[in-house]
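Scroll down for the structure; my scribbles are underneath it.
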Amino acid sequence: MSFTENAWKIFNQSVEDYHIKDDVNSQENNPFQTGSLEWILYSKNWIDTVQWHLEDIIREEDIDPTEALKIKRRIDALNQKRTDLVEQIDFWFYEKYKNITPNSDARINSETPAWSIDRFSILSLKIYHMAIEAARKDASEEHKIKCTDKLLVLQEQKNDLSTAIDQLLSDIEIGKVKMKLYKQMKMYNDESLNPILYQKGQKK
Numbered sequence: 057m058s059f060t061e062n063a064w065k066i067f068n069q070s071v072e073d074y075h076i077k078d079d080v081n082s083q084e085n086n087p088f089q090t091g092s093l094e095w096i097l098y099s100k101n102w103i104d105t106v107q108w109h110l111e112d113i114i115r116e117e118d119i120d121p122t123e124a125l126k127i128k129r130r131i132d133a134l135n136q137k138r139t140d141l142v143e144q145i146d147f148w149f150y151e152k153y154k155n156i157t158p159n160s161d162a163r164i165n166s167e168t169p170a171w172s173i174d175r176f177s178i179l180s181l182k183i184y185h186m187a188i189e190a191a192r193k194d195a196s197e198e199h200k201i202k203c204t205d206k207l208l209v210l211q212e213q214k215n216d217l218s219t220a221i222d223q224l225l226s227d228i229e230i231g232k233v234k235m236k237l238y239k240q241m242k243m244y245n246d247e248s249l250n251p252i253l254y255q256k257g258q259k260k
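Everything in the sequence shown is counted per my numbering, starting at 57 for the first residue and increasing by one.
Structure, rendered in structure tokens:
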């Protein structure tokens, strides 16, 4: 089984587990060994799934502004956790390939393995929900046809991205691509880097 085949299986397990209760307040019950790559992948997708549904909720036209702000704060916090988990995935691969000496002409990829895997995780959600829309009994035939067409595109994108990720990992393993770590350096959640936050502290 390739890396992406295993990751796709884990992502879909997370999505299915979430939808047992379909509740953004459901407790994550990660079935994998804590700290393992599988555990990180499952937890990463669980956060993506919760965020997906929070983004739906916050777009309710009649939502109470106070509740919307609470949800926005929660999305921000989840985004930070998501970034941390993505960086953990990259560190896992960095450790795996740290003893490989890149070729003298080795390329540097513009995107790390983990950020490609991040997009792969989101695709599992897009495909899951587009499949629901394509089969919705209360939707018009036009809606179902459009969603079926979109689902086919998403499935093609999934196949292409799967191939690209596996090729990237293979190229790193044989020294054709350098494995490097890149940090996102998100600033908006950091009280020492967000001017709105640190200027407020200075005014006290």
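Yeah, the Cβ is synthetic: ideal placement off N, Cα and C, and Gly gets one too.
Close-in-space but distant-in-sequence residues of the same chain around residue i (CB under 6 Å, 5 per side omitted)
i, result
"W102", "S70, E84"
"T204", "A190"
"F264", "Nothing in the structure corresponds to residue 264, since the chain is present only between 57 and 260."
"S214", "Before going further, note that residue 214 is Lys rather than Ser in the sequence given. Only L179 meet the Cβ criterion."
"F67", "N101, S177, S180"
"L134", "I103, Q107"
Residue i classed as buried or exposed, judged by whether at least 16 other C-beta atoms fall within 10 angstroms
i, result
"Y98", "buried"
"A191", "exposed"
"V209", "exposed"
"S172", "buried"
"M57", "exposed"
"D174", "buried"
"I119", "exposed"
"I201", "exposed"
"I113", "exposed"
"S218", "buried"
Residues sharing a beta bridge with residue i, DSSP
i, result
"V233", "R163"
Cβ neighbours of residue i in the same chain (closer than 8 Å, five flanking residues each side left out)
i, result
"L225", "F59, F149, P169"
"W95", "N86, F88, Q89"
"L141", "I96, S99, K100, I103"
"N62", "E94"
Nearest residue (CA-CA) to residue i, options the options
i, options, result
"L207", "E189, D194, D222", "E189"
"H75", "L181, Q240, C203, R175", "L181"
"I164", "A63, I228, K137, E61", "I228"
"I145", "I127, K100, N135", "K100"
"E111", "P251, L217, D132, K200", "D132"
"K236", "H199, N215, L179, S166", "S166"
"D78", "T219, Y153, K202, H185", "H185"
"T139", "Q255, P251, Y238", "Y238"
"R130", "D222, I221, N81", "N81"
Inter-stretch contact at 8 Å, needing at least 3 Cβ pairs: the segment 103-110 / the segment 58-75: yes
For the pair the segment 152-164 and the segment 228-236, tell me if three or more CB-CB distances fall below 8 Å. yes
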